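I have placed the structure first, in the form of structure tokens, so that the comments after it can refer back to it.
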């Protein structure tokens, strides 16, 4: 189910090693399953991650994303399938011999050791000379901007500082792949936002491969080159963030990432039409992967819906496609956006998100107002499953 | 600094309760024993003098203090019997504590590695011997260890020994009795410390290239140190003063200091000498513990 990126316009900085035919992946997961008794945590999952990639595993809790990370780290053994790093099967390699490192969700800093000793721990296991260990620890402390905190114990640090120590400790051995398990879950929202950009910057500068597990879709969208959306141990879609959002491959992915309005219908006889939806006949410009009369779903993101107050009608409405009359049921004011809960005359619920651009007085739409709701044909996605 | 939290009057009383308890049930009895140790043995009721008597007024108090002396302590120092008993007690206690640690640590560690439901059962099993009287369990050991007892019968049946060895009245019997009786006091604090150990720390150590056996020395053992210290103190201190086990299982060669106190009190009726032995024992135990605690606290602050 690994989809080759068809549209390179969605990639970040044109970086798309997965689209190159002859490139060997750094990490290859081959039909891996993991069962805990009756429960199937990871189900026949195959995946490739390339050198230098920032790869995100995204899914609801219990989808198997953390189990997959622990399989790569070696804390769990696959029930079947193989995991290869640089073409070498990791199966017989115990965790302490794998050239991957993990940053734990709880950070798992050793409470009895200082910040320096925590970072040096991995280097000491390699038996490096003391001078080299000290130099590399100092480099790491500088990298995470904790130079003056080396002698402190973890309990003497703030949450954000602890997070950076955990990052430094997992980076100091220069792993082939760095595994990050919900690395920012314990940070407050503002710090999380800053840290996401710092993490991206760090990954790019060091040229390392990161695999991050997160349940926070905005975090995955921000940091990742590609996102693997998981559900119940399976991959639902693997693609760059923009592609996941703009071209979800299923109703499940469309609904999981962001919000979506879905309308069931049939492919019309006339090209680019969907018949029989709850909004009537809809015009779409995107590709339709289905035969005429097949059941499909038209998906429209809330921010792609336009609302025109009834008073403006009818002159502006003349050429507007995909347009119906609706009533404003509720408004959620978020500051930058307002969310409008709407209901059509036929009783179909919808939501629209409108950016609050103009001055507050200019927004003419209020509770119980009648509005013309419309979306452009190229804003609609046609989903076949 | 944080502002001083407001304490209600009730909280103040509750805070003083443990101190009051210690004063009434530890400090006062200790002062009484200390006073007796400074007195002279007498054929009287009570069997020592001087006796504190307020009815004689100021001169009575003065003559009371004049009657106190360090004679008993000088006597203790001059008689090698007591010095040997002290050394023997400390030696048995130290060696027993070491054995308890070596046996108790793997037991506690193994319990933490079982599923949570089984853990509860195993902890109950560890403390299950407490449901039977301590004295009965020691008598049971006398029966097990006697010449034609189950232990020797087993050893003979398995052809491990040809002649049944004598167990009772030996050091070995005392060690068996002590280790058996004190094992729960070692296992429980160790279990409490090991159970708190975050499993992800062990995974982090493995992830950073540390093999399992080295993880034990680098992570598990240092983090369970509070449990090791608590368990060792909990065993070492009462073992030094142990009376019943060496009296019932040991012989003349295992004369511990508890037996010395008993014979002074009840056989010789020399309360002042017995009290002096007891006071020296308390000092012997308290001094190293205070120094150790002080060091441990400083270490914790420094680390």
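Residue numbers (this note's numbering), protein chains in the order written: chain A, 15 to 399; chain B, 1439 to 1741. Backbone N, C-alpha and C define an ideal beta-carbon position, used for all residues, glycine too. All of these numbers come straight from a predicted model, not from anything done at the bench.
Could you compute how far the alpha carbon of residue i sits from the alpha carbon of residue j?
i                       : j                       : result
residue 1644 of chain B : residue 1636 of chain B : 14 Å
residue 283 of chain A  : residue 396 of chain A  : 15 Å
residue 243 of chain A  : residue 267 of chain A  : 7 Å
residue 1631 of chain B : residue 140 of chain A  : 29 Å
residue 1624 of chain B : residue 1617 of chain B : 10 Å
residue 394 of chain A  : residue 255 of chain A  : 18 Å
residue 1753 of chain B : residue 1478 of chain B : Past the boundaries of the shown model lies residue 1753 of chain B; chain B is included only from 1439 to 1741, so the question cannot be answered.
residue 1501 of chain B : residue 1661 of chain B : 57 Å
residue 1439 of chain B : residue 384 of chain A  : A caution first: residue 1439 of chain B carries a pLDDT of 46, below 50, which makes its placement in the model unreliable, though a value can still be read off. Roughly 60 Å between the two C-alpha positions.
residue 1412 of chain B : residue 1709 of chain B : Any property of residue 1412 of chain B remains undetermined from this structure, which presents chain B solely from 1439 to 1741.
residue 252 of chain A  : residue 241 of chain A  : 6 Å
residue 229 of chain A  : residue 170 of chain A  : 29 Å
residue 1554 of chain B : residue 73 of chain A   : 29 Å
residue 339 of chain A  : residue 356 of chain A  : 10 Å
residue 184 of chain A  : residue 1540 of chain B : 35 Å
residue 1653 of chain B : residue 1596 of chain B : 40 Å
residue 130 of chain A  : residue 158 of chain A  : 12 Å
residue 345 of chain A  : residue 366 of chain A  : 10 Å
residue 1658 of chain B : residue 166 of chain A  : 21 Å
residue 1487 of chain B : residue 1461 of chain B : 25 Å
residue 1588 of chain B : residue 1581 of chain B : 8 Å
residue 180 of chain A  : residue 65 of chain A   : 22 Å
residue 309 of chain A  : residue 302 of chain A  : 11 Å
residue 1689 of chain B : residue 1711 of chain B : 23 Å
residue 313 of chain A  : residue 263 of chain A  : 11 Å
Whose C-alpha, out of the options, is nearest the C-alpha of residue i?
i                       : options                        : result
residue 1629 of chain B : B:1682, B:1505, B:1598, B:1552 : B:1552
residue 281 of chain A  : A:291, A:389, A:256, A:24      : A:291
residue 96 of chain A   : A:89, A:43, A:120              : A:43
residue 323 of chain A  : A:382, A:279, A:270            : A:382
residue 1509 of chain B : B:1537, B:1464, B:1476         : B:1476
residue 121 of chain A  : B:1567, B:1686, B:1639         : B:1639
residue 77 of chain A   : A:249, A:142, A:87             : A:249
residue 287 of chain A  : A:335, A:47, A:149             : A:335
residue 404 of chain A  : A:47, A:48, A:343              : Residue 404 of chain A lies beyond the stretch modelled for chain A, which goes from 15 to 399, so this question has no answer here.
residue 405 of chain A  : A:264, A:352, A:398            : Chain A is shown from 15 up to 399; residue 405 of chain A falls before or after that span and cannot be answered.
residue 212 of chain A  : A:151, A:191, A:163, A:174     : A:174
residue 1603 of chain B : B:1687, B:1712, B:1585         : B:1585
residue 368 of chain A  : A:319, A:392, A:380, A:337     : A:319
Under a Cβ-count criterion, where at least 16 other Cβ atoms within 10 Å of its own Cβ denotes burial, should residue i be classed as buried or exposed?
i                       : result
residue 1534 of chain B : buried
residue 84 of chain A   : buried
residue 178 of chain A  : buried
residue 239 of chain A  : buried
residue 1446 of chain B : exposed
residue 235 of chain A  : buried
residue 1707 of chain B : exposed
residue 1721 of chain B : exposed
residue 79 of chain A   : buried
residue 1563 of chain B : exposed
residue 279 of chain A  : buried
residue 1570 of chain B : exposed
residue 315 of chain A  : buried
residue 187 of chain A  : buried
residue 1572 of chain B : exposed
residue 112 of chain A  : buried
residue 189 of chain A  : buried
residue 1450 of chain B : exposed
residue 45 of chain A   : exposed
residue 1577 of chain B : exposed
Just to check my reading of the structure: residue i and residue j have Cβ atoms closer than 8 Å, yes? What is that Cβ distance to the nearest angstrom?
i                       : j                       : result
residue 117 of chain A  : residue 31 of chain A   : Rounded, the Cβ-Cβ distance is 23 Å, inconsistent with contact.
residue 1679 of chain B : residue 1621 of chain B : That pair is no contact at about 18 Å.
residue 1676 of chain B : residue 1697 of chain B : Actually they do not touch by this definition, with Cβ atoms about 15 Å apart.
residue 103 of chain A  : residue 40 of chain A   : At roughly 14 Å, the Cβ-Cβ gap does not stay under 8 Å, so residue 103 of chain A and residue 40 of chain A are not in contact.
residue 1532 of chain B : residue 1674 of chain B : 7 Å
residue 1693 of chain B : residue 1526 of chain B : 7 Å
residue 358 of chain A  : residue 351 of chain A  : At roughly 22 Å, the Cβ-Cβ gap does not stay under 8 Å, so residue 358 of chain A and residue 351 of chain A are not in contact.
residue 135 of chain A  : residue 1646 of chain B : 5 Å
Which runs of the alpha helix (DSSP H), 4 residues or longer, sit entirely within the region 168-204 of chain A?
-> The region 168-204 of chain A contains, as complete alpha helix (DSSP H) runs of 4+ residues, the segments 173-185 (chain order).
Contained alpha helix (DSSP H) runs [length at least 4] in the region 1657-1737 of chain B, N- to C-terminal order | Runs of the alpha helix (DSSP H) inside the region 1657-1737 of chain B: 1663-1678, 1682-1687, 1695-1700.
Within the region 253-329 of chain A, note down every full alpha helix (DSSP H) run reaching 4 residues or more, in order along the chain.
-> The qualifying runs are 255-260, 265-270.
Chain D contacts made by the region 137-151 of chain A, where a contact means CB separation under 7 Å = Given the protein chain composition of this structure (A and B), no chain D is represented.
At which residue ranges does the region 98-183 of chain A contain complete alpha helix (DSSP H) runs of 4 or more residues, listed in the order of the chain?
-> DSSP runs (the alpha helix (DSSP H)) wholly in the region 98-183 of chain A: 129-139, 144-157.
Could you name each continuous alpha helix (DSSP H) segment of 4 residues or more that falls completely within the region 1592-1640 of chain B, going from the start of the chain to the end?
-> Within the region 1592-1640 of chain B, the complete alpha helix (DSSP H) segments at least 4 residues long are 1609-1633, listed from N- to C-terminus.
Can you list the alpha helix (DSSP H) stretches of 4 or more residues lying completely in the region 1531-1593 of chain B, in chain order?
-> Given a length threshold of 4 residues, each whole run of the alpha helix (DSSP H) inside the region 1531-1593 of chain B is given here in chain order: 1554-1565, 1572-1583.
Ranges of the beta strand (DSSP E) found wholly within the region 1475-1504 of chain B, counting only runs of at least 3 = Entirely contained in the region 1475-1504 of chain B, not one beta strand (DSSP E) run reaches 3 residues.
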